[in-house]
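> Residues 1 to 973 in this note's numbering are what the sequence shown lists, from first letter to last. Ideal Cβ positions, reconstructed from N, Cα and C, are used throughout, including at glycine.
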Amino acid sequence: MWRTLGWMTVVVLCCAAGKAVGEEQPDPRLPEAQTAFEEATKLWKAGKYAEAITQGEQALKLREAVLGDSHLEVAASLNLLGDLYRLQGDHARAEPLIQRALASREEALGKQHPDVAQTLNNLAILYYEQGLYSRAEPLYERALAIREAALGKQHPDVAQTLNNLAILYVQQGLYSRAEPLYERALAIWEAALGKQHLKVAKTLNNLAILYVQQGLYSRAEPLYERAIAIREAALGKQHPDVAQTLDNLANLYVWQGLYSRAEPLYERALAIREAALGKQHQYVAGTLNNLVNLYTQQGLYSRAEPLAERALAISEAALGKQHPYVAFPLNNLATLYAQQGLYSRAEPLAERALAISEAALGKQHPYVSTSLKDLARLRLAQGERAQAVPLLTRAFSISELRLRQEALDFSESRLASFLQLLRSEEDFLYSLLRAHPGDARVRRLALSSVLLRKGRSVEETANTSRTIYLSLGDEDRSTFERLRSLRTQLATLSHQGPGSLSPADYQQRLKSLAEQGDALETQLARRSAPLRALTALPGPAQIVDRVAAALPRDGALVEFVAYSDSPVVPRPGTPQSQLPSELRYLALVLLPNATIRTVDLGPAAAIDQAASTFRDALASSDAAWQGPAQALYSLAFRPLLPLLGNARRLFLAPDGQLNLVPFDALHDGKSLLVDSFHFTYLTSGKDLLPRPQDIPPSRSVVVLADPDFGATPSTAPGEQRQSPALAQRSASAERFFSNLRADLARQTWAPLPGTRQEAEAIQQLLPQAQLFLGAEASKQRLLTLSAPGVLHIATHGFFLEDSATPEDSRAVGHFGALSGASATQNLPDPLLRSGLVLSGAAAQVPQSPDSALATALELAGLDLWGTELVVLSACETGRGDVKLGQGVYGLRRALISAGAETVVSSLWKVNDDTTHQLMQGYYRHLLAGRPRVSALREAMLEVRQAHPHPYAWAPFIALGRDAPLRSLSSLLK
1 MWRTLGWMTV VVLCCAAGKA VGEEQPDPRL PEAQTAFEEA TKLWKAGKYA EAITQGEQAL
61 KLREAVLGDS HLEVAASLNL LGDLYRLQGD HARAEPLIQR ALASREEALG KQHPDVAQTL
121 NNLAILYYEQ GLYSRAEPLY ERALAIREAA LGKQHPDVAQ TLNNLAILYV QQGLYSRAEP
181 LYERALAIWE AALGKQHLKV AKTLNNLAIL YVQQGLYSRA EPLYERAIAI REAALGKQHP
241 DVAQTLDNLA NLYVWQGLYS RAEPLYERAL AIREAALGKQ HQYVAGTLNN LVNLYTQQGL
301 YSRAEPLAER ALAISEAALG KQHPYVAFPL NNLATLYAQQ GLYSRAEPLA ERALAISEAA
361 LGKQHPYVST SLKDLARLRL AQGERAQAVP LLTRAFSISE LRLRQEALDF SESRLASFLQ
421 LLRSEEDFLY SLLRAHPGDA RVRRLALSSV LLRKGRSVEE TANTSRTIYL SLGDEDRSTF
481 ERLRSLRTQL ATLSHQGPGS LSPADYQQRL KSLAEQGDAL ETQLARRSAP LRALTALPGP
541 AQIVDRVAAA LPRDGALVEF VAYSDSPVVP RPGTPQSQLP SELRYLALVL LPNATIRTVD
601 LGPAAAIDQA ASTFRDALAS SDAAWQGPAQ ALYSLAFRPL LPLLGNARRL FLAPDGQLNL
661 VPFDALHDGK SLLVDSFHFT YLTSGKDLLP RPQDIPPSRS VVVLADPDFG ATPSTAPGEQ
721 RQSPALAQRS ASAERFFSNL RADLARQTWA PLPGTRQEAE AIQQLLPQAQ LFLGAEASKQ
781 RLLTLSAPGV LHIATHGFFL EDSATPEDSR AVGHFGALSG ASATQNLPDP LLRSGLVLSG
841 AAAQVPQSPD SALATALELA GLDLWGTELV VLSACETGRG DVKLGQGVYG LRRALISAGA
901 ETVVSSLWKV NDDTTHQLMQ GYYRHLLAGR PRVSALREAM LEVRQAHPHP YAWAPFIALG
961 RDAPLRSLSS LLK
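1) Leaving aside the five residues before and after Phe614 along the sequence, list all residues of the same chain whose C-beta is less than 7 Å from its C-beta, in chain order.
2) Less than 8 Å separating the beta-carbons of Ile167 and Asn206?
3) Note down the Cα distance separating Gly438 from Leu432, rounded to an integer number of angstroms.
4) So does the stretch 410-418 actually touch the stretch 381-391, counting three or more Cβ pairs closer than 8 Å?
5) Pairs of beta-carbons, one from the stretch 298-310 and one from the stretch 572-591, closer than 8 Å: are there three or more?
6) Please classify Ser906 as buried or exposed, where buried requires at least 16 other C-beta atoms within 10 Å of its C-beta.
7) Tell me the residue span of the beta strand (DSSP E) that contains Ser906.
8) Would you give the residue range spanned by the alpha helix (DSSP H) that Asp427 belongs to?
9) If I follow the unbroken beta strand (DSSP E) through Val702, where does it start and stop?
10) For the beta strand (DSSP E) containing Ser778, list its first residue and its last residue.
11) Roughly how many angstroms separate the alpha carbons of Leu785 and Val943, rounded to a whole number?
12) Tell me whether Asn331 sits in a helix, a strand or coil according to DSSP, three-state version.
13) Within 10 angstroms of its Cβ, does Ser714 collect 16 or more other Cβ (buried), or is it exposed?
14) Pull up the CB-CB distance for Val1042 and Leu451, whole angstroms please, since I reckon it's below 8 Å.
15) Could you check which residue in Leu294, Gln542 and Ile596 has the C-alpha nearest to that of Trp255?
16) So Ala587 is in the alpha helix (DSSP H); what residue range does that whole segment cover?
17) Is the beta carbon of Val904 closer than 8 Å to that of Val871?
18) Less than 8 Å separating the beta-carbons of Pro592 and Ala548?
19) Tell me whether the beta-carbon of Leu968 lies closer than 8 Å to the beta-carbon of Leu918.
20) Which residues in the same chain have their Cβ closer than 7 Å to the Cβ of Arg546, if we skip the five residues on either side of it in sequence?
21) What's the C-alpha gap between Gln448 and Glu400?
22) Measuring only the C-alpha atoms, how far is Lys279 from Leu204?
23) Does DSSP put Phe560 in a helix, a strand or coil?
24) Leaving aside the five residues before and after Gly517 along the sequence, list all residues of the same chain whose C-beta is less than 7 Å from its C-beta, in chain order.
25) Count the other CB atoms within 10 Å of the CB of Leu258; is the residue buried (16 or more) or exposed (fewer)?
26) Assuming Ala1037 and Leu773 make a contact with CB atoms under 8 Å, what is their CB distance in whole Å?
27) Quick check on Pro767: does DSSP put it in helix, strand or coil?
28) What's the call for Ser344, buried or exposed, on a 16-neighbour Cβ count within 10 Å?
29) If you compare alpha carbons, which of Lys195, His323, Arg268 and Glu148 is closest to Gln171?
30) Measuring alpha carbon to alpha carbon, tell me which of Gln99, Leu601 and Val66 ends up nearest Leu123.
31) Can you list, in chain order, the residues of its chain with a C-beta nearer than 8 Å to that of Arg648? Leave out the 5 residues immediately preceding and following it.
32) How about Gly89 and Ala318: do their beta carbons lie closer than 8 Å?
33) Assign Gly797 to one of three DSSP states: helix, strand, or coil.
34) DSSP puts Thr492 in a beta bridge; with which residues?
35) Do the CB positions of Ala101 and Asn79 come within less than 8 Å of each other?
36) With DSSP collapsed to three states, give me the class of Thr595.
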């Protein structure tokens with residue numbers, strides 16, 4: 001429901017009183033006025049605003065009597081006194097004083113003077129606090145231009161206006177415009193004033209607020225803590241600015257569900273504010289409002305209600321009944337009543353909050369989205385679904401607009417955090433669909449959510465990669481090369497372990513490299529944003545019809561969704577923190593005529609267990625597999641049959657553990673599904689839409705195979721150097737897969753001579769194929785490739801399962817052992833846990849094994865724009881961290897985001913002999929003009945004739961585009 005975010009107080013006290021200007025006057029009242037002015041300034045800095053006003057009024061009265069109304073010393077007093085009244089919440093008295101100060105300074109100093117900029121800044125703050133954002137912005141912009149021209153772009157006063165303009169952007173929901181301003185202000189202030197200055201604390205506080213709004217909680221907390229430490233040291237523990245950051249830190253804890261940590265901070269902030277500002281101040285109302293939210297989420301309604309009523313009364317008295325901040329206590333009071341089942345009392349409050357937010361902030365503001373969702377929940381609780389669904393549709397459109405704006409400036413890790421922040425909205429829509437599967441509008445809204453949000457992170461990452469390689473200039477490509485270098489450093493350090501570093505130093509080094517990489521990613525995202533914005537996805541109203549139109553006549557899209565299901569209408573008296581929830585699967589089927597059908601597949605625990613049992617049965621050539629295949633079929637596929645009609649060509653977009661299942665090998669009790677259906681795997685149904693830029697494919701074919709794991713950097717091309725201990729492995733050995741981090745540093749990589757035969761067989765079919773074998777099958781060779789038409793890699797793979805499972809991840813398998821680190825240590829990026837093993841991995845000379853390990857993170861930086869097909873003829877290359885709604889973080893994701901149209905990967909260990917046979921058949925069918933997915937299916941059926949166990953014929957799946965290879969058109973047989 002309504003969260004604490006809106007009442008996170010932003011620092012706007014970035015205004016200075018100004019110094020008296022003018023010639024010395026003989027009148028004895030002037031020294032008295034100066035003393036009063038200086039005392040008022042001192043009290044202002046101490047947060048004692050009421051006492052400061054008394055002194056400020058005295059100074060103004062004396063100066064006006066001696067100097068007249070237009071003197072610059074009078075303007076300085078007006079400026080100070082106006083700001084003091086603003087701080088006390090008395091905007092009506094503040095505005096004419098600041099307006100007078102501005103007029104005097106413009107007349108005496110000219111419109112381009114820095115003192116004029118100061119007063120413009122103060123007037124803009126006043127308008128901001130009144131919700132008059134359109135009046136505030138041009139004043140900030142004018143003040144910024146004056147200060148940059150008069151003082152230089154690195155002056156602290158420039159940082160002041162940057163900070164305040166960023167605050168305005170945040171309040172308007174323009175977060176991507178705010179962050180670079182905050183960052184610039186922080187850099188200026190730290191350089192000019194030192195890292196312990198109060199102005200640094202202000203921007204730290206504000207930047208932390210921005211991070212919270214983007215779901216970056218781990219980034220926000222240390223900034224809040226640092227701001228509190230600076231302020232307490234400089235101002236004392238009872239200053240209002242200390243209360244402000246305490247309040248904001250408590251908000252962060254509430255977002256994370258850490259209620260016991262939040263409450264004492266709120267109570268301390270409230271006591272400070274009441275003592276310093278008075279019990280009727282708007283900032284007091286802000287803390288009261290946040291306490292209401294805290295108590296309501298815990299079901300402490302009797303404690304929340306009087307605070308909610310008090311917060312509303314203060315806000316209306318201090319700000320007026322139409323101020324956007326009044327919407328916050330209205331929404332919280334409505335939520336309080338709604339949770340108790342008092343819907344008739346809640347509804348008018350929620351309606352009023354929505355009207356205020358729309359009028360003050362515009363109909364596309366994030367706060368409006370929150371009000372819409374709150375009102376929709378009320379409608380649903382009263383059985384008014386017909387009125388609720390349009391509200392939810394509007395709310396989803398607003399959050400989608402925000403996502404599109406924010407994603408343009410985000411690195412991949414930050415986008416993942418932001419998508420997780422939006423996940424609760426999606427889960428609610430899926431819960432609503434389960435409750436009302438017969439409502440066509442609910443089905444359409446839920447499917448729009450799936451199509452736009454599922455796999456969104458890989459979509460945005462790929463868009464950035466495409467723009468960098470195809471549209472940006474040399475400077476940006478140089479930045480990208482620096483990013484690739486940092487990723488390699490991070491991969492090396494991650495897999496080497498701490499070595500001589502202490503655990504703390506090791507973690508700090510990992511963090512530093514990750515942050516440097518994230519900063520470069522963000523820089524590139526911002527640089528490419530204008531071009532990426534031109535290739536936006538269809539909007540929520542169009543996406544379903546566009547995807548349906550892309551389906552073949554005999555096809556159907558099947559979107560599996562794993563989500564957290566909770567009651568759409570909770571039982572009255574059940575607080576939000578105690579709502580029951582359960583992870584479940586549902587499926588949505590889209591037909592070419594845009595018909596949408598849905599079915600609830602049930603609890604995820606049973607399906608995930610069946611999927612795991614099925615995979616285990618397929619991973620061994622002598623395991624009984626029919627029983628597990630039928631069990632998973634009954635849970636995850638049989639319920640779809642009534643929805644499919646006559647469709648037999650199915651485009652599957654799995655979720656959760658179903659990402660790791662070969663549906664071809666499911667069994668209905670009579671036959672395998674491969675005999676009845678043609679499956680194409682997608683990250684999301686939006687993959688069916690045409691790419692924004694059709695890139696002519698390269699005609700080159702590159703094959704890396706049979707790496708010489710004993711090779712050193714000095715090994716000559718073509719020369720083989722194998723470890724004697726490994727040279728006796730058979731040519732039919734399984735392609736090894738390591739889930740132990742310690743294995744990466746050991747010489748346990750068996751030679752794969754069968755992959756050499758595989759490569760040579762491909763060259764017989766495709767004479768233009770360029771083979772890199774032995775020592776030439778190196779990491780350096782792979783990472784310097786540029787968009788081959790077809791890329792085939794036959795080697796060992798690895799996936800590390802030694803990291804703790806994140807809350808939003810459902811990682812497969814078990815945890816392995818670590819080498820020199822804690823078993824629960826998380827690597828900085830999930831793409832560091834997957835990779836390929838290339839030449840030199842078992843070299844006898846002292847060198848880093850990571851010079852031969854190509855992680856998925858590094859492969860994501862390849863230029864594969866123009867690459868139609870990547871085949872990973874290695875073991876379990878389809879595995880990775882499974883994140884709900886965002887697919888598998890592993891090799892196939894990395895290669896898709898790097899530009900590959902189709903990626904073929906494996907789900908379990910593969911045997912050299914059968915893989916060689918399957919790959920020969922695959923390329924033969926590709927040369928016959930068969931589509932990429934169809935060709936793989938036909939090759940699988942051929943292997944199945946000789947090897948009926950799915951272990952042999954079903955390990956590979958093709959993710960992505962199913963079309964013939966354009967690059968081979970001249971060779972088609």
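For this structure:
1) Pro628, Ala629, Leu632 and Val661
2) By the CB criterion at 8 Å, Ile167 and Asn206 fall inside the cutoff.
3) 11 Å
4) Verdict: no, contact absent.
5) Touching, yes, given that three or more Cβ pairs across the two stretches are closer than 8 Å.
6) buried
7) Where Ser906 is concerned, the enclosing beta strand (DSSP E) stretches over Thr902 to Ser906.
8) Counting along the chain, the alpha helix (DSSP H) containing Asp427 begins and ends at Glu412 to Ala435.
9) Per DSSP, Val702 belongs to the beta strand (DSSP E) from Val701 to Pro707.
10) First-last for Ser778: undefined, no H or E at that position.
11) 32 Å
12) Asn331: helix per DSSP, three-state reduction.
13) Residue placement at Ser714 is poorly supported in this model, since its pLDDT is 47, which falls under 50; the coordinates still yield a value, given next. Exposed, because fewer than 16 other Cβ atoms sit within 10 Å of the Cβ of Ser714.
14) Within the shown structure, residues of the chain are numbered from 1 to 973, placing residue 1042 beyond reach of any answer.
15) Leu294
16) That residue, Ala587, is in no alpha helix (DSSP H); its beta strand (DSSP E) goes Glu582 to Leu590.
17) yes
18) yes
19) no
20) The answer, listed in chain order, is Pro538 and Leu689.
21) The residue asked about is misnamed: residue 448 is Ser in this sequence, not Gln. About 10 Å.
22) 27 Å
23) strand
24) Only Leu483, Leu486, Arg487 and Leu490 meet the Cβ criterion.
25) exposed
26) Since the displayed the chain opens at 1 and closes at 973, residue 1037 lies outside it and no answer follows.
27) Here Pro767 sits in coil by DSSP.
28) Around the C-beta of Ser344, fewer than 16 other C-beta atoms lie within 10 Å, and the residue is accordingly described as exposed.
29) His323
30) Gln99
31) Asp554, Ser676, Phe677 and His678
32) With a cutoff of 8 Å on beta-carbon distance, Gly89 and Ala318 are scored as near each other.
33) strand
34) Answer by DSSP bridge pairing: none, since Thr492 is not bridged.
35) yes
36) It is coil, neither helix nor strand.
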